[in-house]
Structures are given as C-alpha cells and as structure tokens.
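As structure tokens, the structure follows; a few thoughts come after it.
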Amino acid sequence: MDKFFCAGIGTGKSHAGIVEDILCALMNPGGWGLIVAPTYDQALHVLLPRFLHWCELLDKAGYPLLKRFRWSQMRAELVCGGEVYFRSVQKVDNLLGFEFSWIHFDESETVANPERIWEALSGRCRQTANFRQMLGTSTPRGLRGVVGLFHRALSEHTSSEEMRRLRSRYAFIRATTLDNPHLPPDYVEGLRRTLSKRAWQQEVMAEILRPATAVFDEFSRARHSLHCKRTDWVGATYDLAYDAGDQWPHVLWIANSPSGRSVVFDELCEDGWTLDRLHAEIVSRCQRLGRPPEMIVCDRAVKREIQWAFETFPMSRTERMNTRQEQSVTEGIELVRNRLDPMMGDVQLMVADYMFDRPPRRGIVHCLQNYRYPQRIDGTLMPMPLKDNVHDHGIDALRMQQVKRYGEQYKLGRMVARYTGG
258 MDKFFCAGIG TGKSHAGIVE DILCALMNPG GWGLIVAPTY DQALHVLLPR FLHWCELLDK
318 AGYPLLKRFR WSQMRAELVC GGEVYFRSVQ KVDNLLGFEF SWIHFDESET VANPERIWEA
378 LSGRCRQTAN FRQMLGTSTP RGLRGVVGLF HRALSEHTSS EEMRRLRSRY AFIRATTLDN
438 PHLPPDYVEG LRRTLSKRAW QQEVMAEILR PATAVFDEFS RARHSLHCKR TDWVGATYDL
498 AYDAGDQWPH VLWIANSPSG RSVVFDELCE DGWTLDRLHA EIVSRCQRLG RPPEMIVCDR
558 AVKREIQWAF ETFPMSRTER MNTRQEQSVT EGIELVRNRL DPMMGDVQLM VADYMFDRPP
618 RRGIVHCLQN YRYPQRIDGT LMPMPLKDNV HDHGIDALRM QQVKRYGEQY KLGRMVARYT
678 GG
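Positions in the sequence shown are counted from 1; adding 257 to them yields the working numbering.
Here it is in structure tokens:
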C-alpha cells in the first residue's frame, strides 16, 4: 500500500509515522525497513528518538523489539532478525541494490524534486513481506510533489472498478493542526501571528491549494499602496537593497517603522547604465535624503559592489546573504508573502503610491505583479520562480532586505511551530 499522511505543522505527523513504522516492523519479522528524512539532523534528532522511545515502551511491556542500535551506521538491529535504516535524502542513491519491506519518507514536500525521490524509494520497497508499505508524511506545498502523485493516481480512473482498485492501493489521510489536543495554549496564536492567510490554509489547515503561476498573487494597489510624497522620506531612516546584476541592477530604498512595517519608496533599475553612473546616482539620491542608509544589503556573489558599499557608506551596516537559510529563495519568498498578507494584523510591506504610476519596465510594482513560476507541459508548476532578468532582480533585492531585517523573527516563529508541536 502507498499511504500519505497530509497534516498541518504541529499535528504530530512524524510521531504518527514512527508508530506506523513500529507496526510494520512487528508485522514483518525479519524484514528490513527504511526511514528517510530531508536532513541527517532530522533523522538523528527528530525521528530516531521517537523510534527508540517506542522500542523502550515495548521492552517494558514484555515485547522487546530492539536488539541493538549501530550508531556508526544509523541502523537498528531487531530481535526478530530485521533491520531499520535511518537515512537522509542525500544518501538515498547509496541504497541502490537494497530491498525493504517498508519505507517511511518524512517531510517529503520540503525537499527538491520529491517525486523523483519517492519513485526511487518505491522501486526499493520490494522485499518479501506480510504487509508492504510506502508511507509519506508531510505538510502539503500545493498540488505538487508526492501530493500531486497521489492526486493523479486517485483522479485518473476510467471506471468504478478501477477506482476501487486504486482506493485499495492508495490511502490519503488529512489532519489539521487544530486536530491536535496536546498543543500548548498559545501555540496556535503564535502561528496566527507568523503566517500569511495562504500559509495558514496550507500549513495549519493542510489544504491542498492549486498554486497560482503568480508568486505574489496577494499583491494589489488597493491594499499595498501607501499615500505619501517623495519629500516625506527626507530625514527618515531607511535601508538600501542592492541586487547588482551585471547588466540589470536593481536598487531599492526601503523605510522601516518601529512597528515593523516596511515601505518601498524609491528605486533605480535603469538598463544600459555604466557602473560609475549607477554609483553616482545612488550616492546622489542618498544625499538628497539627508542621511546615509542604516543598512545596505548586497548580493554576496558580487564582491566588488560589497566593497564599494563599504567604502562609500562607512557609517552604514553592509550585510550580505551568508547562511543557506538566508540564501534560500523559497524561504525568502514565503517571508515576503507573509508580510504582504499576514494572518493577523495590518499589511507589513507596502509600496509608495506614486511608484504605481507609470512604473518602469523592471520596476518593483511590475516585479511583484509578474514574478511567476514556470509551468510544465502537464500544467504543474516548477518549484523555483522564473529568472527572466526582468522581474527577478527587483524581487531578489526586496527579498534580501526583508530576510536581513525580519528573517530572524520569522525563523524563530517557524522553529517554535515546527518543534514544539511534535
């Protein structure tokens, strides 16, 4: 059987998956099992402790399951002669030639190309068994990945008999975060403050949303424009977001209020300018504002521009995207979306209303309106947005500034949500 547990964050899907693994080990004496996580740390610190916990409970009840655990190999030897392997998706290809009775793929939708990994694992779930099972557990990320595989399998049928046959092979279970009665009292409220409305539907209510090709379909002039004048920003504190493309640079001036609201109030995205002319214009606009930027966020790949920012604005804090978390495009996009459309409170990311009037071809307004996911021939969407050198550089600049300014707050909220709920 192919089984998928689609659940919101904090529902307890990893715990439920380990219970399924224990049952599969009991039902298949002498069989081999495989538990796969997106990272080695997840396998070691999230899944393995739960597995050992259930083994200890069985042992105390008089039904020992675990014989010994080989820490150097991340392999459990069972009393019945079976074995259980713990691996990350990076090491899945090393299992070529192995055969398993059952396999558990945890957090499948958080990895790149989950369909390929699922199909590779399915080909290794072929050991003789009393009950053979492929189990996936994850929060959905739209109609893609393993969720998309199950949807197609259960919807592409020609007769009621064929449908019954598919239902007997594929099991799809859905649960929301609100279904877990053991969560701390303020857990759900913390999620409301952290997530956007779309993220709430997807990550709390576990709804399988059909993704729109537009990345920021929440963005609109009616909701995200701030009535102001250019002169209103003279003397205000602001950040400079600088995506220094060789031919298509994009510079944003972004003001940040003490309440956490950001306003994009100026930009520079001219084509065909020399580097000297671009630098001179940036300096001139900053001088007209009466003060240097508080923070400058640069693309880490263009070191000459980072050095220029250091030398030109010595009183400013120059930052670059250093860690993998900060460099993650998908995490940055989700942070921007959460600030454009928060689940609770007012919009936290806005654009000055005069920038909506005749915006330049590569302007941030057009970027937010037209930044899109590429679409496959079958209608499904690619997980990474299209880099067309028109709408991506402005978004990169905005994303980098938002991550550097508010990323730690967002990251902390997500970590609390993911690990306190189990």
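Where a beta carbon is used, it is the ideal one built from N, C-alpha and C, also for glycine.
For Phe429, the closest alpha carbon among the candidates Pro397, Phe570, Met552 is that of Pro397. Between the stretch 487 to 497 and the stretch 458 to 472 there are fewer than three inter-stretch CB-CB distances shorter than 8 Å, so the stretches are not counted as touching. Residues Phe343 of the same chain have their beta carbon placed closer than 6 Å to that of Leu305, with the five preceding and five following residues left out of the count. 8 Å or more divides the Cβ of Leu597 from the Cβ of Thr470. Within its own chain, the residues whose Cβ lies closer than 7 Å to the Cβ of Arg629, once the five positions on either side in sequence are excluded, are Thr470, Ala471, Val472, Pro642, Leu643, listed in chain order. Restricting attention to beta strand (DSSP E) runs no shorter than 3 residues, the stretch 382 to 449 encloses them at 390 to 395, 427 to 432, ordered along the chain.
Annotation: Glu366 to Thr488 spans about 47 Å, alpha carbon to alpha carbon. For Asp278, there is no enclosing beta strand (DSSP E); the enclosing alpha helix (DSSP H) covers residues 270 to 284. In this structure, Val554 sits near Tyr499, with a CB-CB distance shorter than 8 Å. As computed with DSSP, Asp528 is found in no beta bridge at all. Secondary structure at Gly664: helix, using DSSP grouped into helix, strand and coil.
Within the DSSP secondary-structure output, Ala463 pairs in no beta bridge. C-alpha of Leu335 to C-alpha of Val341: approximately 8 Å in a straight line. Closest in alpha carbon position to Arg545, among Leu625, Asp523, Gly288, is Asp523.
Scanning Pro631, Arg615, Met578 for the CA closest to the CA of Leu655 turns up Met578. For Lys317, the enclosing alpha helix (DSSP H) covers residues 305 to 317. The beta carbon of Ser345 is closer than 8 Å to those of Val293, Ala294, Pro295, Thr296, Tyr297, Gln299, Ala300 in its chain, skipping five residues each way along the sequence.
Looking from the CA of Trp359, the closest CA among Arg389, Gly339, Leu309, Arg421 belongs to Arg389. Shown here for Ala386: same chain residues with a beta carbon closer than 6 Å to its own, the five before and five after excluded, namely Asn285, Gly288, Ser358 in chain order. The Cβ-Cβ distance between Gly651 and Cys485 does not fall below 8 Å. Between Asp363 and Ser271, the C-beta gap is smaller than 8 Å, which places the two residues in contact.
Between Phe262 and Gly274, the C-beta spacing is below 8 Å. Going by beta carbons, Leu406 and Met391 fall outside the 8 Å limit. By the C-beta density criterion, Gln666 is exposed, having fewer than 16 other C-beta atoms within 10 angstroms. At a Cβ-Cβ threshold of 8 Å, Pro599 and Ser482 do not count as neighbours.
If you look at Glu562, you'll find it in the alpha helix (DSSP H) that goes 560 to 569. Looking only at Gln504, Gly380, Trp530, Val604, the smallest Cα-Cα distance to Asp259 is reached by Gly380. Here His623 carries a helix assignment [DSSP, helix/strand/coil].
In the structure shown, the three-state DSSP call for Ile266 is coil. Put simply, the backbone Cα of Lys348 is about 19 Å away from that of Thr394. Closest in alpha carbon position to Pro616, among Pro321, His648, Pro640, Thr587, is His648.
For Arg327, the beta-bridge partners assigned by DSSP are Arg332. By the CB criterion at 8 Å, Arg594 and Arg455 fall inside the cutoff. A distance below 8 Å separates the beta carbons of Asp496 and Gln658. Under the DSSP definition of a beta bridge, Ser453 partners with Pro599.
Under DSSP, no beta-bridge partner is assigned to Gln347.
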